[in-house]
Amino acid sequence: MFLLLNPTDAKSNSFENGKMVWQKYNCQSCHQIYGLGGYLGPDLTNVYQKGGEAYIRGMVQSGTDVMPAFKMSNSELDALEIYFKNMNQSGVSDPREFVVEYDGFIRLK
Numbered sequence: 633m634f635l636l637l638n639p640t641d642a643k644s645n646s647f648e649n650g651k652m653v654w655q656k657y658n659c660q661s662c663h664q665i666y667g668l669g670g671y672l673g674p675d676l677t678n679v680y681q682k683g684g685e686a687y688i689r690g691m692v693q694s695g696t697d698v699m700p701a702f703k704m705s706n707s708e709l710d711a712l713e714i715y716f717k718n719m720n721q722s723g724v725s726d727p728r729e730f731v732v733e734y735d736g737f738i739r740l741k
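What the sequence shown shows, in the working numbering, is residues 633 to 741, in sequence order.
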């Protein structure tokens, strides 16, 4: 008996796993994909083109002044990178920049 794997299915599965990682760590609370999600952080539809896997891995593992570092496993990071790579190839984020004000309103910069 042989187990045959279709590489397309493996990629699709990794994409789905990446979406699950996105949801597990509640990324959509602060970030958007295609403009959908929170407005505290930037839209990540095209984050992959900014620096690829190293950029994504660095941001997630190190965090920023306004984003905490996340303790993701290597397989979670790999899946998230595939998710972002696919998003980058399938659409363009809204070029406008938004600011969340202290009064709760979201305004264009």
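C-beta atoms are modelled at their ideal positions from N, C-alpha and C, and glycine is treated no differently.
Small disclaimer: the values here were computed from a predicted structure and weren't measured.
Item	Value
Alpha-carbon to alpha-carbon, Gln693 and Lys703	7 Å
Nearest-angstrom Cα separation, counted from Asn649 out to Met699	22 Å
Cβ shell of Ser722 (< 6 Å), same chain only, five flanking positions each side left out	none
Residue range of the alpha helix (DSSP H) that includes Ala701	First-last for Ala701: undefined, no H or E at that position.
DSSP-derived helix/strand/coil call for Leu712	helix
Candidates Lys717, Val724 and Ser646: closest to Gly683 by CA position	Lys717
Cα-Cα separation between Asn720 and Ile665, rounded to whole angstroms	10 Å
Thr677 versus Tyr687, His663 and Glu685, residue with shortest Cα-Cα distance	His663
Option nearest Tyr680 by Cα separation, candidates Asn645, Ser646 and Glu713	Glu713
Continuous alpha helix (DSSP H) assignments of at least 4 residues falling wholly in the stretch 640-682	none
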